[in-house]
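Count the sequence shown with the numbering used here and you get residues 2 to 958, in order.
Here the structure is laid out as structure tokens; the discussion comes afterwards.
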Amino acid sequence: MTEQPQPFRDPQLPFAKRVDDLLQRLTLDERIAMLHQFAPAVDRLGLGAFRTGQEALHGVAWMGPATVFPQAVGLGATWNDELVRRVGEAVGNEVRAKRAQDDRVGLNVWAPTVNLLRNPLWGRGEEGYSEDAGLTSAIAVAYTRGLRGDHPLYWRTAPVLKHWLAHNNETDRDTSSSSVRPRVLHEYDLKAFRDAVQAGAVAGVMPAYNLVNGRPNHVSPLLSQQLRSWTDRSLVVCSDAGAPSNLVDSEHYFETHEEATAASLRAGVDSFTDHGQDSAIMTGRIRGALERGLLDEHDIDTAVRRLLELRLSLGEFDPELDPYANTDAFDTEDHRALALEAAEQAVVLLKNDGLLPLDPAAGKTVAVVGLLADACKLDWYSGTLIHRSTPLDGLRDRFGSDHIVFVEGADLVRLKCAEGWLQIPAADESPEPVRGAEGALDPALLAGRTDLPPLTCGDTPSELALVDWGNGVITLRAPAGRYLSVAEDGYVRASADEPGGWIVQETFRWQAVEGHEGGHRLLHVGTGRYVSVAADGVKVAAPGEELSGSDRDAGTVFELEVAERGDDAVARAAAAADLVIVVAGNDAHINGRETEDRTTLDLPAQQERLWRAAHAANPRTVLAVTSAYPYALTDAAATLPALLWTAHGGQAAGTALARVLAGDVSPAGRLPQTWYTSDAELPGLLDYDIIGSRQTYLYYDGTPLYPFGHGLSYSDFTYSALNAERDGDVLRVSLTVTNTGAVAADEVAQLYVRAVAPSVVRPLRQLAGHRRLHLAPGAAERVDLTVPVAELGHWDVAHGRWTVDPGAYEIQAGASSTDIRLITVVTVDGDPAGPRPVLTRGLEAVDYDEQLGTEIADRTKTDGDAVTAVAESNELLYRRCDFAAGASGVEVSAAGEGAVLITVDGTTVTVPVAATDGPYDYRTVRAGLNASGTGDLRITLRGTVRLARITFTGDGR
Numbered sequence: 002m003t004e005q006p007q008p009f010r011d012p013q014l015p016f017a018k019r020v021d022d023l024l025q026r027l028t029l030d031e032r033i034a035m036l037h038q039f040a041p042a043v044d045r046l047g048l049g050a051f052r053t054g055q056e057a058l059h060g061v062a063w064m065g066p067a068t069v070f071p072q073a074v075g076l077g078a079t080w081n082d083e084l085v086r087r088v089g090e091a092v093g094n095e096v097r098a099k100r101a102q103d104d105r106v107g108l109n110v111w112a113p114t115v116n117l118l119r120n121p122l123w124g125r126g127e128e129g130y131s132e133d134a135g136l137t138s139a140i141a142v143a144y145t146r147g148l149r150g151d152h153p154l155y156w157r158t159a160p161v162l163k164h165w166l167a168h169n170n171e172t173d174r175d176t177s178s179s180s181v182r183p184r185v186l187h188e189y190d191l192k193a194f195r196d197a198v199q200a201g202a203v204a205g206v207m208p209a210y211n212l213v214n215g216r217p218n219h220v221s222p223l224l225s226q227q228l229r230s231w232t233d234r235s236l237v238v239c240s241d242a243g244a245p246s247n248l249v250d251s252e253h254y255f256e257t258h259e260e261a262t263a264a265s266l267r268a269g270v271d272s273f274t275d276h277g278q279d280s281a282i283m284t285g286r287i288r289g290a291l292e293r294g295l296l297d298e299h300d301i302d303t304a305v306r307r308l309l310e311l312r313l314s315l316g317e318f319d320p321e322l323d324p325y326a327n328t329d330a331f332d333t334e335d336h337r338a339l340a341l342e343a344a345e346q347a348v349v350l351l352k353n354d355g356l357l358p359l360d361p362a363a364g365k366t367v368a369v370v371g372l373l374a375d376a377c378k379l380d381w382y383s384g385t386l387i388h389r390s391t392p393l394d395g396l397r398d399r400f401g402s403d404h405i406v407f408v409e410g411a412d413l414v415r416l417k418c419a420e421g422w423l424q425i426p427a428a429d430e431s432p433e434p435v436r437g438a439e440g441a442l443d444p445a446l447l448a449g450r451t452d453l454p455p456l457t458c459g460d461t462p463s464e465l466a467l468v469d470w471g472n473g474v475i476t477l478r479a480p481a482g483r484y485l486s487v488a489e490d491g492y493v494r495a496s497a498d499e500p501g502g503w504i505v506q507e508t509f510r511w512q513a514v515e516g517h518e519g520g521h522r523l524l525h526v527g528t529g530r531y532v533s534v535a536a537d538g539v540k541v542a543a544p545g546e547e548l549s550g551s552d553r554d555a556g557t558v559f560e561l562e563v564a565e566r567g568d569d570a571v572a573r574a575a576a577a578a579d580l581v582i583v584v585a586g587n588d589a590h591i592n593g594r595e596t597e598d599r600t601t602l603d604l605p606a607q608q609e610r611l612w613r614a615a616h617a618a619n620p621r622t623v624l625a626v627t628s629a630y631p632y633a634l635t636d637a638a639a640t641l642p643a644l645l646w647t648a649h650g651g652q653a654a655g656t657a658l659a660r661v662l663a664g665d666v667s668p669a670g671r672l673p674q675t676w677y678t679s680d681a682e683l684p685g686l687l688d689y690d691i692i693g694s695r696q697t698y699l700y701y702d703g704t705p706l707y708p709f710g711h712g713l714s715y716s717d718f719t720y721s722a723l724n725a726e727r728d729g730d731v732l733r734v735s736l737t738v739t740n741t742g743a744v745a746a747d748e749v750a751q752l753y754v755r756a757v758a759p760s761v762v763r764p765l766r767q768l769a770g771h772r773r774l775h776l777a778p779g780a781a782e783r784v785d786l787t788v789p790v791a792e793l794g795h796w797d798v799a800h801g802r803w804t805v806d807p808g809a810y811e812i813q814a815g816a817s818s819t820d821i822r823l824i825t826v827v828t829v830d831g832d833p834a835g836p837r838p839v840l841t842r843g844l845e846a847v848d849y850d851e852q853l854g855t856e857i858a859d860r861t862k863t864d865g866d867a868v869t870a871v872a873e874s875n876e877l878l879y880r881r882c883d884f885a886a887g888a889s890g891v892e893v894s895a896a897g898e899g900a901v902l903i904t905v906d907g908t909t910v911t912v913p914v915a916a917t918d919g920p921y922d923y924r925t926v927r928a929g930l931n932a933s934g935t936g937d938l939r940i941t942l943r944g945t946v947r948l949a950r951i952t953f954t955g956d957g958r
């Protein structure tokens, strides 16, 4: 007889039955072990080891060479869903191909990031797609569909969305709480996740490090109340690295790790990413929670079930049926061409007074200058480059090397101390191993080189290229091109090809020394210690270490001699050229990245000097900004004839920029976020109330430097024949776009909606659809878009539901959020929602219409919100409260100590709140209050009160 397979290996059975069978075969210890990121093999059942988490934000990351596509914010700037789907497919195929060669590569990919770019100072803005939830979700849907594949049963890879929820600050990211009112939660933050999950190509989410409304995301009730209500598919929730321990160690939210682990598992976390590959600590905590009765086996099985369903969908148990099992598409010609296409489509033309495009056949001399002119910058979530193209490379290839003059513009300096000149010893010029080329499950552990001799001091100076990246942070580079870096042994060497690493070891601060005219100390940022000259070489000072120099404890005092200023060299090159291209921007590992927010929108002063020097010498100057985020380029925009922006464009960045400058490709990238004129236009980084503080293009009523959706072309387009009709639950919108220019080009048609007479504060306009299309000169295309009527709505805090107000709505079509070409109006019929029925529903404190000086806190550790004051001058406003026939009393549910002041009909009632037993001990306090009819209600909080809810009593109750 033919032996029957075990049921869990029978592909004829549904996944659910196969999981049922496998679960009952696994021991409790085996099931617990599966809850760690690195799940061990179960040899007796023939199960292999499994890991969650493979970074794949814009290519396979951390596992050695791979095709590197533009940064995520650059993919967002393409506004091209189909292109991004193809990028996702290519990345998914490379994950599969690398997995076949290296079983450390995981198929559960942690991508994309759908956090919204509400504030351009967020350090991780490069990882998101847009400040708009609709555009973010559209790009995320496209990328995840590519990653997932189109087989109905088996997945190419299993994408996990990052980072749930309302996570836009690196400052105190594991202890700060985002105060997110219900309208912002439902209309903004949840929307980016919801649409992608409902599209069906998402396998799970990763909670963020931060807290939302006082409660850590890793114990958020929204995981069950919202996330898992959006789909019937099993979703796996993977913790962020180290976050389970943070619940006790930094957040102090729980007293013991057993309590924290149990709470997160019961809230919906399925896989714990903590303590690297050592699973013993986390599994020990789970066992401890079981022994204490904080968990039961059902909780374990619920999480394991989700993980097993994930593994089944990846074909692990059916390799012969897995359509992606033999994928070997890696670094193919198609992938290289796609990387170039994506980089081209990400370029945004911000301004053009007719200087662009350039004519390569004209034989003109082009000066290519700037600190990023010969750079191809990567970020923390990049793979290792196989191919590399800098702007200088691309321009030389396109215009001919004989017509290109290059000057970087770094200041060339020498450093002198009491022991002599800082010098770089001769060393074996063997090529440096590329950092991360071998792949690493934890690249944060990659160490610097120690095989080269450390710097010394002597009679002959070494000339160093000094770059000031802003905020006092500098890098120093040797003539041979290597950056000064500090390895684990503390010595300073010229050893790094580029700044990089989890803790960057190539950055310093130049600090003036009081009492030493012209003297400075060099502070190494990575270690926080000063550079000192020792007998055996230059190193960073360690406490108590015997070092030479005038001040042993604080490091050596250096004097700086400038051999050549970079702006002088740029000016000479610019004056001798017919045209200048200045390439400016950021290094994605410095002054704005994971763990570090930006402090300003300003371009670093050194780069500001470079474009000014170039323009003063040659008015025909183009500024090309290559950066992970926006800058306040107010003076440059007013002065220069042409500006472009692109995110770091991956392996083909330089070729793409050159082709756009040469007119081979007409630029059609569009800004995925607002570019502001100055820091003064920004709210605080921790202000998450985009409605109250008027953030993003949705609510910002100032004049931006460049608006959301902005981007110019080398051609011209007209919009005509806008039509919008309601068809059941959707609006069917159509318009015609015509290329009236002389060149073939892409255009991005953008559709916005606006409530004409809203009952509450609504967006100035909101993106409802977009389409990128290619048109030959004179060609026209009819664009059809579908807008769900629900997209016209908002979260009604008065009634606790999503609602679409009856009335008129403008349907606007145009080329950006401020370049509206056509408007038509549709009318939605129905009954208005009416005032707040406070006598029947009461008031949840969090359901305010406006607030001042308050923040939202956790009502309990498992669920609910409360409001507390953060300033003496504070107020909560609730509009249109309907007291019907009349209220005669009020009941306040509050914790803490102080008072609640309630004002209605011009009368204020003070409700004292006696001290309770901590912030989660809520008491009900009653007081008299007379009110009738409909009117506004205002509340002021005193002391440490946490207000949860107010109910009213009276004849109309």
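We put the CB at the ideal spot given by N, CA and C, even for glycine.
Can you look up methionine 283 in the DSSP assignment and give me helix, strand or coil?
Correct three-state label for methionine 283: helix.
Near glutamate 310, which residues of its chain fall below 7 Å by C-beta distance, leaving aside the five closest residues on each side in sequence?
Excluding residues within five positions, the ones whose Cβ falls inside 7 Å are Phe16, Val20 and Ser235.
Rounded to whole angstroms, what is the Cα-Cα separation between alanine 834 and serine 760?
Cα to Cα, alanine 834 sits roughly 9 Å from serine 760.
How big is the Cα-Cα spacing for leucine 373 and glycine 586?
Leucine 373 and glycine 586: Cα-Cα distance of roughly 7 Å.
Should glutamine 674 be labelled buried (16 or more other beta-carbon atoms within 10 Å of its own) or exposed?
By the 10 Å Cβ count, glutamine 674 comes out buried.
Taking Cβ to Cβ, would you say alanine 167 is nearer than 8 Å to tyrosine 689?
Contact: yes.
What beta strand (DSSP E) runs, 3 residues minimum, are completely inside the segment 851-924?
Counting only runs of 3 or more, we get 851-853, 855-859, 866-870, 876-883, 888-896, 899-905 and 908-914.
Hey, is the segment 219-236 in contact with the segment 884-903, meaning 3+ C-beta pairs nearer than 8 Å?
Touching, no, given that fewer than three Cβ pairs across the two stretches are closer than 8 Å.
Cβ atoms of serine 178 and asparagine 120: under 8 Å apart, would you say?
No. Outside cutoff.
Report all residues from its chain with a CB closer than 6 Å to the CB of alanine 141; omit the five preceding and five following residues, and keep chain order.
Closer than 6 Å at Cβ, skipping near neighbours: Pro113, Val115 and Ala197.
Could you check where the beta strand (DSSP E) with alanine 374 kicks off and where it finishes?
Premise fails: alanine 374 is in no beta strand (DSSP E) and is neither H nor E.
So what's glycine 794 in DSSP terms, helix, strand or just coil?
Note: glycine 794 maps to coil in three-state DSSP.
Can you have a look at proline 6 and say buried or exposed, based on whether 16 or more other CB atoms are within 10 angstroms of its CB?
By the neighbour-count rule (16 or more Cβ atoms within 10 Å), proline 6 is not buried but exposed.
By alpha-carbon positions, which one of Asp429, Asp233, Ala290 and Tyr698 ends up nearest to glutamate 256?
Considering only alpha carbons, the answer is Ala290.
Keeping to the same chain, check which residues put their C-beta closer than 7 Å to that of alanine 73; ignore five residues upstream and five downstream.
Excluding residues within five positions, the ones whose Cβ falls inside 7 Å are Leu58, His59, Pro113, Thr114, Glu127, Glu128, Gly129 and Tyr130.
Any idea if serine 551 is buried or exposed, counting beta-carbon neighbours within 10 angstroms, 16 or more meaning buried?
Reliability of the predicted coordinates at serine 551 is poor, the pLDDT of 44 falling under 50, and the value obtained from them is presented with this limitation in mind. By the 10 Å Cβ count, serine 551 comes out exposed.
For the alpha helix (DSSP H) that contains glycine 538, what are its first and last residues?
Careful: glycine 538 lies outside any alpha helix (DSSP H), inside the beta strand (DSSP E) at 538-541.
Enumerate in chain order the residues of its own chain whose CB-to-CB distance from threonine 911 is below 7 Å, with the five nearest sequence positions on each side excluded.
Within the same chain, threonine 911 has close Cβ partners Ala900 and Leu902.
Using DSSP's beta-bridge definition, name the partner residues of tryptophan 111.
Note: tryptophan 111 sits in a beta bridge opposite Glu56 and Val161.
Would you mind giving the Cβ-Cβ distance between alanine 629 and aspartate 603, rounded to the nearest angstrom? I have them listed as a contact below 8 Å.
Actually they are not in contact, since the Cβ atoms of alanine 629 and aspartate 603 sit about 15 Å apart, beyond 8 Å.
Any idea if serine 272 is buried or exposed, counting beta-carbon neighbours within 10 angstroms, 16 or more meaning buried?
Result: buried.
Ignore the nearest five residues each way along the sequence and tell me which others in arginine 10's own chain have a CB closer than 6 Å to its CB.
Cβ within range, chain order: Phe318.
Say yes only if the C-beta of alanine 606 is nearer than 7 Å to one or more non-hydrogen atoms of the ligand SAH, and no if none qualify.
The ligand SAH is absent from the structure shown, which contains no ligand whatsoever.
Please report the distance separating the alpha-carbon of serine 390 from that of leucine 793.
Rounded to whole angstroms, serine 390 to leucine 793 spans 44 Å at the Cα level.
For valine 493 versus proline 444, is the C-beta spacing smaller than 8 Å?
Cβ distance not < 8 Å, so valine 493 and proline 444 don't count as in contact.
Who does histidine 37 pair with in a DSSP beta bridge?
In DSSP, histidine 37 forms a bridge with Phe273.
Grab the span of the alpha helix (DSSP H) containing tyrosine 700 for me, first residue to last.
697-700 is the extent of the alpha helix (DSSP H) around tyrosine 700.
Should the segment 709-724 be regarded as contacting the segment 347-361, the criterion being three or more beta carbon pairs within less than 8 Å?
Result yes; three or more Cβ-Cβ pairs closer than 8 Å.
Helix or strand or just coil, what does DSSP make of arginine 86?
In this structure, arginine 86 counts as helix in the three-state DSSP scheme.
Any idea what DSSP makes of arginine 119, helix, strand or coil?
Three-state DSSP puts arginine 119 in coil, outside helix and strand.
For a test of the three-state rule: what should DSSP assign to alanine 585, helix, strand or coil?
Reduced to three states, the DSSP call for alanine 585 is strand.
What is the rounded straight-line gap between the Cα of histidine 152 and the Cα of alanine 466?
So the alpha carbons of these two residues sit roughly 53 Å apart.
Between which two residues does the beta strand (DSSP E) holding aspartate 412 run?
Counting along the chain, the beta strand (DSSP E) containing aspartate 412 begins and ends at 412-418.
How would you call threonine 841, buried or exposed, if buried means at least 16 neighbouring beta carbons within 10 angstroms?
So threonine 841 ends up on the exposed side.
Evaluate serine 280 with the Cβ neighbour count: other Cβ atoms within 10 Å of its Cβ, from every protein chain shown; 16 or more gives buried, anything less gives exposed.
It is buried - the Cβ of serine 280 has at least 16 other Cβ atoms within 10 Å.
Give me, in chain order, the residues of the same chain whose beta-carbon lies closer than 6 Å to that of leucine 786; leave out the 5 immediate sequence neighbours on both sides.
Excluding positions up to five away in sequence, the list reads Val734, Leu752 and Gly770.
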